[in-house]
Every structure is written in C-alpha cells, then in structure tokens.
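A.B. asks: Protein chains in written order, with full-length UniProt numbering: chain A, 1 to 291; chain B, 1 to 291. Structure below; questions to follow.
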DNA sequence: AAAAATAACTGACTTAAGTCAGGTGAATGT
DNA sequence: ACATTCACCTGACTTAAGTCAGTTATTTTT
C-alpha cells in the first residue's frame with residue numbers, strides 16, 4: 001500500500017469534506033446558523049417528536065429546546081403536546097416554515113443537479129456514489145416491513161423485473177407470471193420486507209401466504225451496488241422470522257437457473273430442492289424449507 | 001427523477017457527512033480542538049509558510065496566528081523567519097510535533113483501513129471512490145511539471161505500461177521500446193507533466209526533446225476514473241505550451257491503432273499523419289504537428 | 001397514593017471559532 | 001529617502017455550539 005488504497009481513500013475524504021463544507025456554507029446563505037437549519041430540515045423530513053430530532057442530530061436536550069424556541073420566534077415552527085403522552089412535544093412546520101424548508105431542499109437539489117450536469121458520465125457517477133454510500137452506511141441498513149404497493153416496494157420491484165428481463169434468456173413479462181395479490185404479502189397472511197439504507201430502498205423480499213400453514217418466498221432482490229454484503233441472506237432470515245410469527249410451517253419458492261447466486265444461497269441455508277409445484281413459465285427450480 | 005438521481009446523490013451526501021463527522025470526532029480524541037489539529041496536520045503535510053496554511057484552511061490571519069501560538073506553547077511547532085523575506089514566517093514541527101502528527105495520520109489511516117477491511121469488495125470500492133473524488137474535485141485538477149523519475153511520474157508510467165500490456169495484442173515490454181532518457185524529458189530539453197487531483201496523480205504526458213527544434217510527445221496517459229473529462233486534451237495543450245516555451249517548431253508522436261481514443265484526439269486537434277519515423281516495434285501510427 | 005422515572009425546559013455557564021481594527025517591522029516602488 | 005505595500009501579529013470583540021445542574025409537569029411503578 002504505497003500510493004494506493006489508503007491514499008486513494010484519503011483523497012476521497014478530502015474531496016468529500018470540501019463538498020460537505022460547501023453545502024453547509026450554502027445553507028448558511030439563508031441567514032440562519034447551521035444548527036437551526038438542521039433542526040428545521042429534520043422537522044421538514046418528518047421528524048416531529050422532539051426526542052426523535054434530538055437522537056437524529058445528536059443534540060443536547062437544552063440546546064435543542066433553545067433552537068426550537070428560536071424557530072418558533074421566527075414563526076417557522078409550532079410545537080404541540082404529543083397526543084398520547086403530555087410530557088412529550090411534537091414540532092411541526094408552519095406555512096412559512098414549509099416555504100423555508102423548500103428553499104433548503106432546493107439548495108440541496110440544485111447542488112446535486114449541478115454536479116450531475118457538470119459531470120459527463122452521470123449514470124456511472126451515480127452507481128459509484130451508491131456503492132460508496134452502501135459501504136459507508138452498511139451498519140445502518142435496516143430491514144423494514146412495507147406496503148407492497150408503496151413507493152419503496154414499487155421501486156425495488158421495477159428494478160427486479162428489469163433485471164429478470166435482462167438475465168432470463170426468455171425475457172420476462174410480469175403479466176405472464178403469477179403476480180401475488182398485495183393482500184397476500186401483508187399481515188396477517190404474509191409480509192413484504194424492504195432493506196433501506198439511508199432512506200433509499202436497496203433490496204426486498206416478499207412472503208406470500210394464503211392463510212394456511214404454507215407460504216411462498218417471492219421477489220427476492222438486492223440492488224447491484226449492495227451485493228456481496230450478505231444482504232440477501234439478511235432479507236431471507238427476516239422473511240423466515242416473519243413467517244414463524246404468522247405461524248407458517250413450510251416455506252416454498254421457485255427460481256430460475258440463470259439466478260446462480262440465489263440458488264447457491266438457498267442451498268447454503270437449508271432449502272431442499274422439490275418437484276415443480278406450479279405451472280408458471282419462468283421458474284425451473286423449486287425449493288422447500290421446513291421451519 | 002423520482003426516487004432516482006437526486007435522492008441517490010442526497011443519500012450519498014448523508015452517508016458521507018456522517019463519515020466526515022466521525023473522522024472529526026476521532027480527531028477530537030487527542031484533546032485538541034479541531035482548528036489546532038487541522039493546522040498541525042497542514043504543517044505535517046508540508047505546508048510550512050503561514051500564508052500557505054491560511055489559504056489552504058481558509059482561516060483569518062489573526063485566528064491562525066493564535067492557533068500557531070497555541071501549538072508553540074504545546075511545544076509541537078516552531079516558527080522561524082522565512083529565509084528570503086523576513087516579513088514572512090515558516091512553521092515546522094518539533095520532534096514532539098512529528099509524533100503528534102503521526103498519531104493523527106494513524107487515526108486517518110486506521111479509519112481508511114477499517115473501511116476497506118469491512119467491505120468485501122475492496123477494489124471496486126476504491127474505483128468508485130476515485131470516480132467520485134474526480135467528479136467532485138474536477139475543477140481542482142492541476143497540471144504540474146514533475147521529475148519523470150519521481151514518485152508521481154513513476155505511478156502514472158507503471159499504470160500506463162500495464163494498460164499498454166492489456167490493450168496491445170502483442171503485449172508490451174518497456175525494455176523493447178525506446179525508453180526516453182529522463183534528461184530528455186526535463187528542462188531545458190523537454191518536460192514531463194503530471195495531472196494531479198487532490199494530491200493523487202491521475203494522468204501524465206512527456207515532451208521529449210533533443211535540444212533541436214523537433215520534439216516528441218510520449219507517454220500520454222489518463223487514469224480510467226478520470227476519462228471522458230477532456231483531461232488528455234488539457235495535458236496535450238500543456239505539453240504544446242511547454243514545447244513553445246522551449247522553442248520547439250515541430251512536434252511528433254507515435255501511437256498504436258489499438259488506442260482509438262488517442263488517435264481520435266490527435267486527429268481532432270490538428271495533428272497530421274506522417275510516415276514511420278522510427279523502428280520501435282509497438283507503434284503503427286505516426287503524427288506530426290507544426291506549432 | 002406516594003415515590004420514582006421521564007420529557008422537555010430554563011438559567012448559568014464554557015469553549016471554539018471567527019471578525020475586525022489597528023500595530024510592527026520588513027520589503028518595494030518611485 | 002520616503003511613502004506605500006506586505007506579512008504577520010495583538011487586542012477586543014461577537015456568535016455559535018455545547019455542557020450541566022436544577023425545575024416543572026406528566027406518567028409509571030410500587
């Protein structure tokens with residue numbers, strides 16, 4: 001490791017520190033100290049409860065109180081008692097606060113847009129950023145249950161179908177496959193899990209139940225930039241845990257021989273190959289696992 | 001641009017802000033405010049002159065003075081008058097200062113090493129970081145003259161030779177090619193230029209003269225992560241400017257048909273194809289340009 | 001029902017960081 | 001030779017950020 005690994009990472013750090021500093025400076029342009037701006041943005045991004053803001057920004061309780069008072073005096077924020085617990089308080093943006101929040105959003109978005117516009121190799125840059133963000137934030141990848149019809153799930157599923165289309169020699173058309181009803185992938189019959197890294201969905205898996213003691217695993221997908229980190233394994237474990245919770249005894253899944261990593265994972269984690277159990281045109285491998 | 005481009009960049013920003021913050025916090029662990037630590041590190045990295053430190057860190061003159069006094073009182077730094085101009089002062093680390101500096105270096109390096117060790121896809125991550133750093137720092141890419149035998153030049157040349165080996169169907173062995181004498185690529189006969197981004201060499205070009213009014217362009221190379229940004233054009237322009245300075249009237253170069261981007265660049269920028277002018281085994285294209 | 005725990009708050013601090021108006025001695029221009 | 005410019009310095013500020021002990025109103029525990 002001479003001019004390489006370490007110095008490449010440190011060069012990256014310098015470049016990125018400068019960028020972060022520049023964004024902070026642009027935030028200062030709205031005439032408000034950074035601390036207040038960060039609180040305003042935390043509220044704008046849906047963090048209403050005072051305790052949640054404190055945790056997210058790592059602020060002292062006294063300091064946050066004062067920052068909130070400041071924003072209230074500016075007329076940007078109101079705080080109300082928490083409906084279920086009168087000790088806590090919930091902050092919300094006023095109309096003026098929402099305008100101010102949008103202005104900060106616009107600053108961030110413009111910077112991001114500029115960067116992309118200035119750099120000729122946009123998609124390549126985005127992929128590199130995804131990879132770096134995943135590497136830096138990998139302890140913060142959370143697996144959450146989500147509505148299979150919601151925006152994060154749809155984002156994953158669209159990527160999943162696109163990838164199947166590329167990888168299956170036959171192409172892939174959702175309409176021809178047995179598209180699970182959303183209700184089959186929601187409690188109490190099933191579940192849909194999304195892996196989220198810093199707010200961006202980067203993987204998913206569906207557990208499709210029919211109310212009986214058998215359920216199917218569907219739509220296991222991990223974003224290319226997050227592969228090789230054991231995320232599909234974590235997703236499968238979470239899906240199995242959810243299956244146990246709703247009283248499933250036997251899990252099944254179908255897959256395609258083109259998806260070699262997936263097949264290897266199933267074999268490694270206790271799944272056994274069984275006979276075809278449906279007449280879906282795409283799968284050619286069928287597995288079962290008893291919980 | 002829904003869940004895409006902009007939100008991917010902003011996710012990257014969040015991940016990276018957290019990382020930068022964590023590094024700063026680890027620096028705080030040595031019991032010194034960040035400002036002092038940054039000054040100490042700037043000196044350790046060879047920025048001795050007070051004015052240079054000020055520019056680099058963007059500090060107010062008074063503030064820097066005080067920080068320097070503080071470091072002097074700690075016994076980490078001494079400042080001496082500038083040898084050629086007694087108004088200026090030059091700061092240098094004492095023995096204790098060098099120890100302290102190494103401790104900061106170790107903190108940075110450990111963080112970088114940890115990241116690499118934790119992430120299974122190391123080389124891929126490094127390439128992604130290079131690309132992002134280049135994209136963020138592209139206005140800061142500087143073209144500098146360097147000793148062709150120095151570390152930055154050797155780093156570029158090694159990468160250049162390796163790439164030729166991959167791209168030429170015949171492979172490439174430096175010993176068989178006419179390796180220019182270093183003195184031919186230094187003033188007053190020639191020059192060697194290196195493109196530096198944030199301290200890391202990412203491209204080079206050699207101007208090889210024999211003392212006459214003809215010179216050759218050699219060893220044009222740009223790091224893969226920095227391609228597509230017009231850097232080779234900038235390098236060539238800088239080489240031509242250097243050639244004019246040392247009184248060259250005619251430039252020549254040889255190239256290989258496998259290096260298509262290079263050939264396209266030469267044709268676009270006023271070079272004309274000429275007959276073979278050497279018996280080097282690798283090139284099969286020969287160009288000339290009158291200045 | 002009283003005691004303990006909790007969430008947010010207020011007041012009284014400290015520290016870091018930055019600004020700005022001079023001041024000193026050395027170099028430079030005419 | 002003199003005024004001007006320059007590089008760094010000191011003193012006197014301001015602001016932002018953060019700490020900490022103690023208060024109040026509420027909820028939870030016993």
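Just so it is clear, CB atoms sit at the ideal spot from N, CA and C, and this is done for glycine as well.
Enumerate in chain order the residues of its own chain whose CB-to-CB distance from residue 258(A) is below 8 Å, with the five nearest sequence positions on each side excluded.
C.D. replies: Cβ neighbours of residue 258(A) beyond the five flanking positions: 167, 168, 169.
A.B. asks: Can you tell me where the beta strand (DSSP E) with residue 68(B) in it begins and where it stops?
C.D. replies: Per DSSP, residue 68(B) belongs to no beta strand (DSSP E); it is in the alpha helix (DSSP H), 61–73.
A.B. asks: Could you tell me whether any Cβ in chain B is nearer than 7 Å to the Cβ of residue 120(A)?
C.D. replies: For residue 120(A), the answer is yes, since a Cβ of chain B falls inside 7 Å of its Cβ.
A.B. asks: What does a CB cutoff of less than 8 Å around residue 137(B) pick up in its chain, not counting 5 residues either side in sequence?
C.D. replies: Excluding residues within five positions, the ones whose Cβ falls inside 8 Å are 197, 198.
A.B. asks: Contact defined as beta carbons within less than 8 Å: I believe residue 239(B) pairs with residue 217(B). What is the distance between those atoms, to the nearest angstrom?
C.D. replies: About 6 Å; that satisfies the 8 Å criterion.
A.B. asks: Among residues of its own chain, excluding the 5 on either side of residue 225(B), which ones have a beta-carbon nearer than 7 Å to its beta-carbon?
C.D. replies: Counting only Cβ-Cβ distances below 7 Å, and skipping sequence neighbours, we find 127, 130, 131, 134.
A.B. asks: Going by other Cβ atoms of all chains shown within 10 Å of its Cβ, with 16 needed for buried, is residue 254(A) buried or exposed?
C.D. replies: It counts as buried.
A.B. asks: Among residues of its own chain, excluding the 5 on either side of residue 265(A), which ones have a beta-carbon nearer than 8 Å to its beta-carbon?
C.D. replies: Result list for residue 265(A): 232, 233, 236, in chain order.
A.B. asks: Chain A partners of residue 108(B), CB-CB under 7 Å?
C.D. replies: Those are 10, listed as they occur along chain A.
A.B. asks: Using a C-beta cutoff of 7 Å, does residue 112(B) count as contacting chain A?
C.D. replies: Answer yes: the Cβ-Cβ gap between residue 112(B) and chain A drops below 7 Å somewhere.
A.B. asks: At a CB-CB cut-off below 7 Å, which residues of chain A make contact with residue 198(B)?
C.D. replies: Those within 7 Å of residue 198(B) in chain A are 11, 14, 15.
A.B. asks: Could one say the Cβ of residue 3(B) lies closer than 7 Å to chain A's Cβ atoms, at least one of them?
C.D. replies: Model confidence at residue 3(B) stands at a pLDDT of 48, short of 50, so the residue's coordinates are unreliable and nothing is read from them.
A.B. asks: What did DSSP end up calling residue 122(B) once you bin it into helix, strand or coil?
C.D. replies: In this structure, residue 122(B) counts as helix in the three-state DSSP scheme.
A.B. asks: For residue 15(A) and residue 116(B), which I take to be in contact (beta-carbon distance under 8 Å), what is that distance rounded to the nearest angstrom?
C.D. replies: That pair is no contact at about 17 Å.
A.B. asks: Just how far apart, CA to CA, sit residue 279(B) and residue 162(B)?
C.D. replies: If you take the alpha carbons of residue 279(B) and residue 162(B), they lie about 22 Å apart.
A.B. asks: Between the region 71–78 of chain B and the region 95–104 of chain B, do three or more beta carbon pairs fall short of 8 Å?
C.D. replies: Contact holds: three or more Cβ-Cβ distances are below 8 Å.
A.B. asks: Are any of the Cβ atoms in chain A nearer than 7 Å to that of residue 133(B)?
C.D. replies: Interface residue, yes.
A.B. asks: My assumption, with CB atoms under 8 Å, is that residue 54(B) sits in contact with residue 61(B). Please give the rounded CB distance.
C.D. replies: Rounded, the Cβ-Cβ distance is 6 Å, consistent with contact.
A.B. asks: Which chain B residues are close to residue 291(A), counting only those with a beta carbon under 9 Å from its beta carbon?
C.D. replies: Correct list: empty, because the minimum Cβ distance to chain B is about 29 Å.
A.B. asks: Considering only the beta carbon of each residue, do residue 195(A) and residue 141(A) sit closer than 7 Å?
C.D. replies: Yes; because the gap between Cβ atoms is below 7 Å, this pair is in contact.
A.B. asks: Sort out for me which residues DSSP pairs residue 143(A) with in a bridge.
C.D. replies: Bridge partners of residue 143(A): 195(A).
A.B. asks: Could you list which residues in chain B have their beta carbon closer than 7 Å to that of residue 128(A), in chain order?
C.D. replies: The contacting residues are 128, 131, 132.
A.B. asks: Would you report the Cα separation of residue 184(B) and residue 209(B), rounded to the nearest angstrom?
C.D. replies: When rounded, the distance between both Cα atoms is 5 Å.
A.B. asks: I need the straight-line Cα distance from residue 107(A) to residue 177(B), nearest angstrom please.
C.D. replies: Using only the alpha carbons, I get a separation of about 53 Å.
A.B. asks: Which residue from 256(B), 248(B), 81(B) puts its Cα closest to that of residue 219(B)?
C.D. replies: For the residues 256(B), 248(B), 81(B), the minimum Cα distance to residue 219(B) belongs to 256(B).
A.B. asks: Along chain A, in chain order, which residues have C-beta atoms closer than 7 Å to that of residue 19(B)?
C.D. replies: Neighbours of residue 19(B) on chain A, chain order: 136.
A.B. asks: So, helix, strand or coil for residue 49(A), using DSSP?
C.D. replies: Looking at residue 49(A) - three-state DSSP - the assignment turns out to be strand.
A.B. asks: Residue ranges of each beta strand (DSSP E) run of no fewer than 3 residues wholly in the region 223–268 of chain A, ordered along the chain?
C.D. replies: As far as the region 223–268 of chain A is concerned, its whole beta strand (DSSP E) runs of at least 3 residues are 250–255.
A.B. asks: Under 7 Å between C-beta atoms, does residue 6(A) make it to chain B?
C.D. replies: It does; some Cβ of chain B falls within 7 Å.
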